[in-house]
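Enquirer: Sharing a structure here in C-alpha cells format.
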Amino acid sequence: EFGTNNFPDCSNMCHETSGYALTRSIGIGKGTVKLEDFYDTDLIMIIGQNPGTNSPRMLSALTKGKKNGAKILAVNPLPEAGLKGFKDPQNVRALLDKPFELSDLYLPVKINGDMALLKALQILLLEEEDKNPGTVLDHDFITNKTGGFDELARELKLYDLSFLAQQCGISVEDLREAAKMIAAKKRMIICWGMGITQQKNGVEMIYNIVNILLMKGSIGIPGGGVCPVRGHSNVQGNRTLLINHHPTTEQLDKLEEFYGFKVPRKGGYDVVNALKAMHDGKVKFMFCMGGNFLSAAPDTTFTAEAMRKLEMSVLVSVKLNRNHLIHGKEALILPVISRSEKDIVNGQLQHISTENSMGVVEWS
Numbered sequence: 006e007f008g009t010n011n012f013p014d015c016s017n018m019c020h021e022t023s024g025y026a027l028t029r030s031i032g033i034g035k036g037t038v039k040l041e042d043f044y045d046t047d048l049i050m051i052i053g054q055n056p057g058t059n060s061p062r063m064l065s066a067l068t069k070g071k072k073n074g075a076k077i078l079a080v081n082p083l084p085e086a087g088l089k090g091f092k093d094p095q096n097v098r099a100l101l102d103k104p105f106e107l108s109d110l111y112l113p114v115k116i117n118g119d120m121a122l123l124k125a126l127q128i129l130l131l132e133e134e135d136k137n138p139g140t141v142l143d144h145d146f147i148t149n150k151t152g153g154f155d156e157l158a159r160e161l162k163l164y165d166l167s168f169l170a171q172q173c174g175i176s177v178e179d180l181r182e183a184a185k186m187i188a189a190k191k192r193m194i195i196c197w198g199m200g201i202t203q204q205k206n207g208v209e210m211i212y213n214i215v216n217i218l219l220m221k222g223s224i225g226i227p228g229g230g231v232c233p234v235r236g237h238s239n240v241q242g243n244r245t246l247l248i249n250h251h252p253t254t255e256q257l258d259k260l261e262e263f264y265g266f267k268v269p270r271k272g273g274y275d276v277v278n279a280l281k282a283m284h285d286g287k288v289k290f291m292f293c294m295g296g297n298f299l300s301a302a303p304d305t306t307f308t309a310e311a312m313r314k315l316e317m318s319v320l321v322s323v324k325l326n327r328n329h330l331i332h333g334k335e336a337l338i339l340p341v342i343s344r345s346e347k348d349i350v351n352g353q354l355q356h357i358s359t360e361n362s363m364g365v366v367e368w369s
C-alpha cells in the first residue's frame, strides 16, 4: 500500500509565514489582488522584495501603474536597481529613452528593522487621523469588518516613535513622509517577499502589514489589498491542489469522499521536520519533484547528511543541479520537460496549467 501525508514543498521555505498569517488575519492564505489592480491603484508599497532582481516581469505592471498615477513606496536595506531605473524590454522606444524611475520614496530600513517601521507607520496614521478626524482611517470598515482595533490603538500608544525610528534606521521625518503618503491614499497594495517571510518574526510582520490595510479599509476594493509575491510560477497551484503537509479538515473530507479511502488526519512533515526525520532514520524514501532541495534547505551540511541516510531517493528534474550528487543509497534521476517545451503524446499536444500569485489558472 502506497501513500503519504508528508508533502513538504518549497512554500515551507518562502511563503509559509504568509499563508499562516493571512489565514489567521483575513481568512485566506493568498493574495487578494489581481494584476489589473496594479493598473488602478493609488499607492504600491514594496517591502522586503526585489522585483527587478527576482520578479522582473512585475516591473511592467509597476510601470503601468505608475504611469496611471500610482505612487510607489520602497522599503529595503539595499536599493533595488529596477525601482531606481527601468527600461521595458518589450517596448523598443523605451529602450532608447532614459530609464524610467519607479519609486517615489525609498526607505533604507535596517535588517530586521521592518517591524519597528511598520509599528511606526501605524502610530503616525493614528496621529494623522487625530489631526484630521474622518479623513485617514476608514472607521465604517474598521467597525463592521474588523475586530480588536481599540486594543491595537492602546498598544501602539505604548511605543516611543523616536525609539522605533532608531530601531528601523529611518529618520522620523522620512517615516512621517511615508505615513502621509499612506494617509492620503485609499487604494493601496502592499507587496512583500522573502525579506519579510524568512525572518523569525515574519508572521508578526505580516500581521502588521495587514493592520495598515485594515485601518485604511484597503482590502476587498479595486486597487487595494495584499500581494505576497511568489517566486515560482505554480507554487500557489501546489497548495490549491493539496500539495502541503497540513490540508484542512474540509479538504480531507472531500478527498476521502471522492477517492473512497480513509485519509490520514494527522499532519505530515514540513521541510524542516522532514529533514530531521530523514537524519534520524525515520524516513527512508524521498520522491522529489523538481527544485534543488540541497541548496534550498536552510542547513546544507545537515541536509546532505540527511539525504545520504535515505534508502532511496528519486529526483524528477528538468535539469541537473548539485542535489543530484547528494542522494540516498539508491538513486533515480527522472528527466522531464519544462513548461516551455512541447509535450506531445500519441501525436497530440498536451496542455498543462499554472496558477499564479493572483490565484489565476492559465495555460502555460
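So for the sequence shown, my numbering puts the first residue at 6; every next one is plus one.
All C-beta atoms, glycine included, are put in the ideal place defined by N, C-alpha and C.
Keep in mind it's a predicted model, so treat the numbers as computed, not measured.
#1: Report yes if the C-beta distance between LEU112 and ILE49 is below 8 Å; otherwise report no.
#2: As a quick exercise: from ASP285, ASN59, ILE342 and LYS103, pick the residue whose alpha carbon is nearest that of LEU315.
#3: According to DSSP, is ALA75 helix, strand or coil?
#4: Can you tell me which of the three DSSP states PRO233 falls into?
#5: Which word fits ARG235, buried or exposed, when buried means at least 16 other C-beta atoms lie within 10 angstroms of its C-beta?
#6: With 16 as the cutoff for other CB atoms within 10 Å, does HIS332 come out buried or exposed?
#7: Between which two residues does the alpha helix (DSSP H) holding ILE211 run?
#8: Answer yes or no: do MET18 and ASP119 have a C-beta to C-beta separation smaller than 8 Å?
#9: In the DSSP output, which residue or residues are listed as bridge partners for PRO340?
#10: Assuming ASN11 and TYR274 are in contact, meaning their beta carbons sit under 8 Å apart, how far apart are those beta carbons, in whole angstroms?
#11: Label PHE266 either buried or exposed according to how many other C-beta atoms from any shown protein chain fall within 10 Å of its C-beta, with 16 as the threshold for buried.
#12: Please work out which residues of its chain come closer than 7 Å, Cβ to Cβ, to SER167, disregarding the five sequence neighbours upstream and downstream, and give them in chain order.
#13: Using only CA atoms, which one of LYS72, LYS289 and GLY87 lies nearest to PRO56?
#14: Would you report the Cα separation of LYS190 and GLY295, rounded to the nearest angstrom?
#15: If we require 3 or more residues per run, which beta strand (DSSP E) segments fall completely within the region 123-197?
#16: Tell me the DSSP secondary structure of PHE263 in three-state form.
#17: Which of the three DSSP states, helix, strand or coil, is assigned to GLN256?
#18: Is it buried or exposed, GLU335, if we count other Cβ atoms within 10 angstroms and call 16 or more buried?
#19: Could you spell out where the beta strand (DSSP E) holding GLN246 opens and where it closes?
#20: At a cut of 8 Å, does the region 300-308 reach the region 34-41 through at least three beta carbon pairs?
#21: Using 8 Å as the Cβ pair cut-off and three pairs as the minimum, do the region 179-193 and the region 244-254 touch?
#22: Using the three-state DSSP reduction, which class does TYR25 fall into: helix, strand or coil?
#23: Look up MET317 in the DSSP assignment and give the residues it is bridged to.
#24: Could you tell me the alpha carbon to alpha carbon distance between LYS289 and GLY8, rounded to whole angstroms?
#25: Throw me the rounded Cβ distance for the ILE195 and ILE31 pair, which I believe falls under 8 Å.
#26: Starting from the C-beta of ALA26, find all residues in its chain whose C-beta is less than 6 Å away, skip the five residues before and the five after it, and write them out in chain order.
#27: What first and last residue would you give for the beta strand (DSSP E) that runs through ILE52?
#28: Are there 16 or more other CB atoms within 10 angstroms of the CB of LEU354, so buried, or fewer, so exposed?
#29: Could you check where the alpha helix (DSSP H) with LEU280 kicks off and where it finishes?
#30: Considering only the beta carbon of each residue, do LEU180 and LEU129 sit closer than 8 Å?
#31: Go ahead and label GLU21 buried or exposed: buried means 16 or more other beta carbons lie within 10 angstroms of its beta carbon, across all protein chains shown.
Expert: Straight from the coordinates:
#1: no
#2: ASP285
#3: coil
#4: strand
#5: buried
#6: buried
#7: 207-221
#8: no
#9: SER322
#10: 4 Å
#11: exposed
#12: VAL177
#13: GLY87
#14: 42 Å
#15: 193-197
#16: helix
#17: helix
#18: exposed
#19: According to the sequence provided, residue 246 is Leu. The question's Gln does not apply to it. That residue, LEU246, is in no beta strand (DSSP E); it is neither H nor E in DSSP.
#20: no
#21: no
#22: helix
#23: PHE290 and GLU335
#24: 14 Å
#25: The pair is not a contact, with the Cβ atoms about 12 Å apart (cut-off 8 Å).
#26: VAL208, ILE211 and TYR212
#27: 48-52
#28: exposed
#29: 276-284
#30: yes
#31: buried
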